[in-house]
């Protein structure tokens, strides 16, 4: 059963007290008529009270609207900062009057009524005026100052700003004029730079550091290097099952097909003293040196870097194999030796594994089987990257740079740091002359879309970039492809000459002419990822003739060899037996007759089974401790210092930007256009981008709040900067990713490359953000100072560039620009505007939004535009409503442009870099 609520009764007063109060009341009303009237109103009906209120005039209520009754705003003459209270005093304090229809509509539209609604109602100090503390005066803003609505003192305009008298905002003019001056200076400097470059190109070149010796000295030097290189190659021997060692002797009936200036053996076979092949080659090279002063200079320069008493680099590989993760076998059981100073040609059909073999040998790919020895020891190839050159098949060069600039940069960065620039310049000049590029050395390289020099000349530039570094071993992927016969022969002569200095030369060759074919000391022939032949070039014909093939008399032997090893050799046999000519049969025959040495007549001892078990030992001599120390010292001496590399990379990047002046100025123009668009979007606000609830006690006078304008400026500004900076930021590294891989693989400092490129972007980032800030400031005229706004915009431009550069290193070149723009839009949308950050906090997802630099960028704008009005508006309430935190502008800037702070993200980035997936360090930007 429910409890019965207690009964409520009307409270009563003790009769004695009630009679006393009645007596007092009667006495008070008799003496004070006004009090009697007030007591009478207590018993009025609503209708009577309304009629009474409408009967009152403004002199009684203080409100101009008929029937409106005031509300006291203070108990004394309290007039807050920024308000005009001309009629109030302690006896008549400020009061609020209900607005009329016009004023109500005005306040609903986020504006302020033109006049107060009552005689004692405070009025917000008008635009262009200020009301000193106390609020009794409203004074016009003098010239040189500006006064937005609600000002209690004039705000001094910055130097040179346009601030006429009674101005409610300032228009910054000095930064605008400075920007115009900078643009004009840039145009003038660009013209002067081009004029100086043309003057430098027109000056005749004179060698100074390489003209101190004659050709006889060079030939003698080359011959000495040749003899030392031969002495470091052991004799090829065959170990029999009984342990007996048999010396291999070069057969006297080797083929006489050789190019003029045929190279030496360098294959480990010691010729007898009566054999004159070296003498023939020596005579050929002597003719080359006597007839080519440029080659004399280049060989002399190379000899300064490649010490003739050094062991150099030799490579031994045994049972070398490689297969993909999917299990596909690319290389299988390849065994051989490439001694110091030898000149090797690697040939085979498409898919034979030539490029994979080169990449595995250089350490670019890790072998899945077998061993690789350097100078007789199993070592990590990456330790020797400063001493190795690699010429890729594709011409990886900078199209904006000239022939000379491409080669010169490689020389400056990779030659010993002790070399003076004059010696480097002469070294490059000699090399350019040897490559027959002197007449185009000051021409831009260009690319396939905008060719400037020919494809053959571009190929020679590609080769020259590696030869300029004076490597001790050089790997070339089809160096003669695309070259005419004369250029190819020139390249071959140059490679032969440097191999005489002890440089191990290994080249993938495709359909060479006969002279080039016989220009190699030795050949490695591959088919289906396995060895078909590995030995002296002059013996390849006799080897295949021993297998039953006949070489046509008037054909290129290189073409015949390619036909044979690709399985199309039946046309060169008498019976056309395809089983004998199949690649599998050739691989098997090499294991029996070649790899075990049985194709040499001098080794045909014992029964065939014994021949199969004989294994040729052609290992390089193990380097001594002293020799290895000498190599270490050489590697330490190679390469420019870190600051020098930074400078060279910066200078090259600046030169690229100057050559792409159209793109440079277009990027600045896009930044200016973005600023104009954002500025025009806020132009109608007349600089009034924030309106909140007035501070106590004047809250009742508040108009509709405007918490959206400033955050929207941040949102739109962030998205505009993203669109303007993401694509240019992508091309900072995206366009030269292959060049980055090439240079860092050869010992170029990654950090120096990155820092140099980074510094080079500061000018374009600074100018783009300057133009953007100028037009936003002139058109939108926000309260934030120009310096603070420029700092925020610069930080966000920097961040977008960094984000785009990271994207460029992770995605394909074709997809990069679109993904960079998309990424910049995403972080812009996550700026805490829509949805507002306050709503995100209710989802407990603020941490995710804070990962975006857009939040910090927008918050910086909000802080600097709202904080100056904290004396007038309740900014704490406004900040709580939108979710931003005020008063941390420095942190906002630092987080929008500072380094990645998240420990997990840093570890993730470091793992990517260690794995080689992310090659460039993350540009400073806030992602955590």
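Residue numbers (the UniProt record's numbering): 1 to 928.
For glycine and all other residues, C-beta sits at the position ideal for the given N, C-alpha and C.
Distance, residue 891 Cα to residue 150 Cα = The residue labelled residue 150 in the question sits at position 150 within the chain shown. The residue labelled residue 891 in the question sits at position 891 within the chain shown. So the two alpha carbons sit approximately 29 Å from each other.
Who are the near neighbours of residue 54 in its chain, counting only those whose CB is closer than 7 Å to its CB and skipping five residues on each side?
-> The residue you call residue 54 lines up with position 54 of the chain shown. 66, 67, listed in sequence order.
The stretch 808–815 touching the stretch 828–846, judged by at least three CB pairs closer than 8 Å | By the criterion of at least three beta-carbon pairs nearer than 8 Å, the stretch 808–815 is not in contact with the stretch 828–846.
Measure the C-alpha to C-alpha separation of residue 779 and residue 682 and round it to an integer number of angstroms.
-> Within the chain shown, residue 779 is the residue found at index 779, counting from 1. Within the chain shown, residue 682 is the residue found at index 682, counting from 1. One C-alpha to the other measures close to 7 Å.
Relative to the C-alpha of residue 884, which residue among 734, 863, 869 is closest?
-> By 1-based counting over the chain shown, the position of residue 884 is 884. Per the Cα distances, 863.
Report the three-state DSSP secondary structure of residue 593 (helix, strand or coil).
-> Counted from its first residue, the chain shown places residue 593 at position 593. Residue state, collapsed to three classes: helix.
Residue burial classification, residue 146 (beta-carbon count within 10 angstroms, cutoff 16) = The count along the chain shown starts at 1 and reaches residue 146 at position 146. The residue in question, residue 146, is buried, as its Cβ has 16 or more Cβ neighbours within 10 Å.
Same chain, Cβ closer than 6 Å to residue 572, five either side skipped, listed in chain order | As a working mapping, residue 572 is identified with position 572 in the chain shown. Cβ contact annotation for residue 572 (same chain, cutoff 6 Å, sequence separation greater than five): 549, 550, in chain order.
I think residue 403 touches residue 437, with their Cβ atoms under 8 Å apart; what is that distance to the nearest whole Å?
-> As a position in the chain shown, residue 403 is number 403, starting the count at 1. As a position in the chain shown, residue 437 is number 437, starting the count at 1. Yes, they are in contact, since the Cβ atoms of residue 403 and residue 437 sit about 5 Å apart, within 8 Å.
Whose C-beta lies closer than 7 Å to the C-beta of residue 957 among residues of the same chain, with five residues either side of it excluded?
-> Outside the displayed span of the chain (1 to 928) sits residue 957, for which this structure offers no information.
Selection from 825, 792, 786, 117 that minimises the alpha carbon distance to residue 804 = The residue labelled residue 804 in the question sits at position 804 within the chain shown. Cα-wise, what sits closest to residue 804 is 825.
Who are the near neighbours of residue 931 in its chain, counting only those whose CB is closer than 8 Å to its CB and skipping five residues on each side?
-> Here the chain covers residues 1 to 928 and nothing more, so residue 931 does not appear.
Once you ignore the five residues that flank residue 400 on each side, which residues in its own chain have a CB closer than 7 Å to its CB?
-> The sequence position of residue 400 within the chain shown is 400, counting from 1. Answer for residue 400: 444, 656, 659, 660, listed in chain order.
Give me the Cα-Cα distance between residue 513 and residue 520, rounded to the nearest whole angstrom.
-> The count along the chain shown starts at 1 and reaches residue 513 at position 513. The count along the chain shown starts at 1 and reaches residue 520 at position 520. Going from the Cα of residue 513 to the Cα of residue 520 covers about 12 Å.
Spatially closest choice to residue 819 from 763, 882, 729, 740, by CA coordinates = Your numbering for residue 819 matches position 819 in the chain shown. That would be 729, whose Cα lies nearest to the Cα of residue 819.
Reducing DSSP to helix, strand and coil, say where residue 694 ends up.
-> The residue given as residue 694 occupies position 694 in the chain shown. Residue state, collapsed to three classes: strand.
Own chain partners of residue 435 with C-beta closer than 6 Å, once the 5 adjacent residues on each side are dropped = For this step, residue 435 is matched to residue 435 along the chain shown. The beta carbon of residue 435 lies closer than 6 Å to those of 460, 464 in the same chain, with the five residues before and after it left out.
Relative to the alpha-carbon of residue 319, which residue among 363, 368, 303 has its alpha-carbon at the smallest distance?
-> Locating residue 319 in the chain shown gives position 319, counting from the first residue. When C-alpha distances from residue 319 are compared across 363, 368, 303, the shortest belongs to 368.
List the whole-angstrom C-beta distance separating residue 526 from residue 346, where the pair is believed to meet the contact cut-off of C-beta under 8 Å.
-> Position 526 of the chain shown, counted from the first residue, corresponds to residue 526. Position 346 of the chain shown, counted from the first residue, corresponds to residue 346. Taking the Cβ atoms as the reference, residue 526 lies roughly 7 Å from residue 346, within the contact range of under 8 Å.
If you check the beta carbons only, do residue 331 and residue 535 fall under 8 Å apart?
-> Residue mapping note: residue 331 aligns to position 331 of the chain shown, counting from 1. Residue mapping note: residue 535 aligns to position 535 of the chain shown, counting from 1. Contact: no.
Contact check, residue 499 vs residue 505, beta carbons under 8 Å | Numbered from 1 along the chain shown, position 499 holds the residue referred to as residue 499. Numbered from 1 along the chain shown, position 505 holds the residue referred to as residue 505. In this structure, residue 499 sits near residue 505, with a CB-CB distance shorter than 8 Å.
Distance CB(residue 303)-CB(residue 375) smaller than 8 Å | Within the chain shown, residue 303 is the residue found at index 303, counting from 1. Within the chain shown, residue 375 is the residue found at index 375, counting from 1. No, they are not a contact pair.
Close-in-space but distant-in-sequence residues of the same chain around residue 739 (CB under 7 Å, 5 per side omitted) | Numbered from its first residue, the chain shown carries residue 739 at position 739. The beta carbon of residue 739 sits closer than 7 Å to the beta carbons of 396, 398 from its chain, once the five residues preceding and following it are set aside; these are given in chain order.
Kindly identify the DSSP beta-bridge partner or partners of residue 706.
-> In the chain shown, the residue the question calls residue 706 occupies position 706. Beta-bridge analysis with DSSP links residue 706 to 691.
Which residues in the same chain as residue 135 place their Cβ atom closer than 6 Å to its Cβ, once the five residues preceding and following it in sequence are excluded?
-> As a working note, residue 135 is residue 135 in the chain shown. By the criterion of a C-beta distance shorter than 6 Å, residue 135 is surrounded in its chain by 79, 83, 84, 85, once the five residues flanking it on both sides are discounted.
Within this structure, are the beta carbons of residue 469 and residue 415 separated by less than 8 Å?
-> As a working note, residue 469 is residue 469 in the chain shown. As a working note, residue 415 is residue 415 in the chain shown. Against a cut-off of 8 Å, the Cβ pair of residue 415 and residue 469 comes out as a contact.
Please work out which residues of its chain come closer than 7 Å, Cβ to Cβ, to residue 639, disregarding the five sequence neighbours upstream and downstream, and give them in chain order.
-> Taking the chain shown and counting its residues from 1, the one referred to as residue 639 is at position 639. Close CB contacts of residue 639 within its chain, under the 7 Å cut and outside five residues either way in sequence, are with 386, 413, 414, 417, 747 (chain order).
Since residue 717 and residue 776 are thought to touch, with beta carbons under 8 Å apart, how far apart are those beta carbons, to the nearest angstrom?
-> Counting from 1 along the chain shown, the entry for residue 717 is found at position 717. Counting from 1 along the chain shown, the entry for residue 776 is found at position 776. That belief holds up - the Cβ atoms of residue 717 and residue 776 are roughly 7 Å apart, short of 8 Å.
With DSSP as the reference, label residue 438 as helix, strand or coil.
-> Numbered from its first residue, the chain shown carries residue 438 at position 438. Three-state result, residue 438: helix.
Compute the distance between the beta-carbons of residue 713 and residue 772, then report whether it is under 8 Å.
-> For the purposes of this step, residue 713 is taken as the residue at position 713 of the chain shown. For the purposes of this step, residue 772 is taken as the residue at position 772 of the chain shown. Against a cut-off of 8 Å, the Cβ pair of residue 772 and residue 713 comes out as no contact.
Taking one C-beta from the stretch 556–565 and one from the stretch 538–548 each time, how about it: are there three or more such pairs within less than 8 Å?
-> Result yes; three or more Cβ-Cβ pairs closer than 8 Å.
What does a CB cutoff of less than 6 Å around residue 790 pick up in its chain, not counting 5 residues either side in sequence?
-> Residue mapping note: residue 790 aligns to position 790 of the chain shown, counting from 1. Hits under 6 Å: 773.
Proximal residues to residue 428 (C-beta, below 8 Å), its chain only, five neighbours per side dropped = Indexing the chain shown from 1 puts residue 428 at position 428. Hits under 8 Å: 404, 407, 408, 411, 468.
Is the CB-CB distance between residue 532 and residue 587 below 8 Å?
-> As a working mapping, residue 532 is identified with position 532 in the chain shown. As a working mapping, residue 587 is identified with position 587 in the chain shown. With respect to the 8 Å criterion, residue 532 and residue 587 are classified as neighbours on the basis of their beta carbons.
Which residues does DSSP pair with residue 390 in a beta bridge?
-> Position 390 of the chain shown, counted from the first residue, corresponds to residue 390. Residue 390 is bridged to 475.
Close beta carbons around residue 152, own chain, < 8 Å, minus the five adjacent residues each side = What you label residue 152 is simply residue 152 of the chain shown in a count that begins at 1. Here the set comprises 81, 82, 125, 130, 131, 132, 133, 871.
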